[in-house]
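So for the sequence shown, this note's numbering puts the first residue at 1321; every next one is plus one.
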Amino acid sequence: MSKQSLAMIAALSAGGGAALTAAVYSLRSKPEQTQQQQLQPTTTLPGLPGAFPVPQPPLTVGGAPLPTGVPATNSPVNPSGLFEYGFPGPVSDIASRSALISSYDRRTRNPQWVIEHITPASLALRDADRKHSNFLEDDGVPAKFRAGLKDYYRSGYDRGHQVPAADAKWSQQAMDETFYLSNMCPQVGEGFNRDYWAHFEDFCRRLTVRYPSVRIVTGPLYLPRKDPVDNKWYVKYEMIGSPPSVAVPTHFYKVIFAEDGKAGGNVALGAFVLPNAPIDNKKPITDFEVPIEAVERASGLEFASKLPVQRRRRLCADTTCALIIKDYADRQKAFAKGDKRALPPTQ
């Protein structure tokens, strides 16, 4: 791992955003050369606009099927023969629902990412009420890998939505589907899930005042921290459940794509990493802004590999990134007065 990457992860694990932003942007004097990756075979999910690629086990090499019983010429061994008995994985359970698409991590019993799309029209509808929704185990995930309702019982953590129920009020079914545990992670309740994180979700909804289409990817991170005793870096996180099986993330990310609505138009990108811990409501959300590359390196995911650089804009330069803290009497403290880019509160 390079010194630069180590510095970014250190900043992330400490919950710092501004320092991390400066560290990564300073690396951009020499753009990285990315290699064209060979596409793996994919299938598509029915009912989605266009073909949605679902990664499949890499059962071909150079377009030819993997051998399952015949060793390569002049080779005394045939490791791929094991595939006769099954593919070990890893396998990501992809769920396509009314208001979201999710990828589930069987090892941590948390989603790897959850994708949503909100628009002024979707948020204007009020055809659902969360009092009619119930938390559900996802029977689309094999039972031995599934997060259970009992895992959260008396754990001290909230069942934290990755795609919030408030973003799916346009349909009771859509809202109900946000309550699957495959859309949940253990989140600190007071000071985070019920406070700062909720204000952050509200900020995302208010983006639709300025942008006609907003797409958001949300998910957990498990970041290292430096031990003050031996000065070594460790990834350490709590497990909940009986037996302990559901990982408690150290951080959460959101990657926001705010589209201008024009064909081939500009996309304002914003990436944020927040610690799974109480956060003072006075803390600016821009303190948690990071380059998208930092989230990619920390998560092992890619978010905008097909978006040309010339179409990209930085979200917090294109609009005001600030939270409205509804508990405060003087809400204007969260926004710069007179800034035409500021987003008004949603009703």
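Where a beta carbon is used, it is the ideal one built from N, C-alpha and C, also for glycine.
Here Arg1617 carries a helix assignment [DSSP, helix/strand/coil].
DSSP places Leu1541 in no alpha helix (DSSP H) but in the uninterrupted beta strand (DSSP E) bounded by Ser1533 to Leu1541.
Annotation: the continuous alpha helix (DSSP H) that includes His1519 extends over Tyr1516 to Arg1526. Contact between the segment 1613-1620 and the segment 1501-1513 is absent: fewer than 3 CB-CB pairs across the two stretches fall below 8 Å. Under the DSSP assignment, Pro1440 falls in the alpha helix (DSSP H) whose first and last residues are Pro1440 to Ala1444. Gln1507 carries a strand assignment under DSSP once its states are collapsed to helix, strand and coil. Here DSSP, grouped into helix, strand and coil, assigns Arg1631 to helix. In the DSSP secondary-structure assignment, Arg1545 is bridged to Tyr1554. For Lys1470, no beta strand (DSSP E) run applies; the uninterrupted alpha helix (DSSP H) run containing it begins and ends at Leu1469 to Tyr1472, by DSSP. With three or more CB-CB distances shorter than 8 Å, the segment 1448-1461 counts as touching the segment 1489-1506.
Asn1596 places its beta carbon 8 Å or farther from that of Val1566.
The way I'd put it, the segment 1548-1560 doesn't touch the segment 1571-1585; fewer than three beta-carbon pairs between them come closer than 8 Å.
With fewer than 16 other Cβ atoms inside 10 Å of its own Cβ, Phe1407 counts as exposed.
Here DSSP, grouped into helix, strand and coil, assigns Gln1432 to strand. Linking Ile1536 to Ser1423 through their CA atoms gives a straight-line distance of about 14 Å. In this structure, Val1534 and Leu1527 form a Cβ contact; the two beta carbons are roughly 5 Å apart against a cut-off of 8 Å. Per DSSP, the continuous alpha helix (DSSP H) segment holding Asp1496 begins and ends at Gln1492 to Glu1497. Taken through DSSP and simplified to helix, strand or coil, Phe1623 comes out as coil.
Judged by DSSP secondary structure, Lys1464 falls outside any beta strand (DSSP E); it is assigned neither H nor E. DSSP places Ser1395 in the coil class of the three-state scheme, outside both helix and strand.
Around the Cβ of Gln1630, a 10 Å sphere holds fewer than 16 other Cβ atoms; the residue is exposed. In the DSSP annotation of this structure, the continuous segment of the beta strand (DSSP E) that includes Lys1574 starts and ends at His1571 to Glu1579. Here Thr1538 is near Val1434, since their CB atoms are less than 8 Å apart. Between Leu1589 and Arg1530, the C-beta spacing is not below 8 Å. Judged by beta-carbon spacing, Ala1419 lies beyond the 8 Å limit of Asp1522, meaning their Cβ atoms are not closer than that value.
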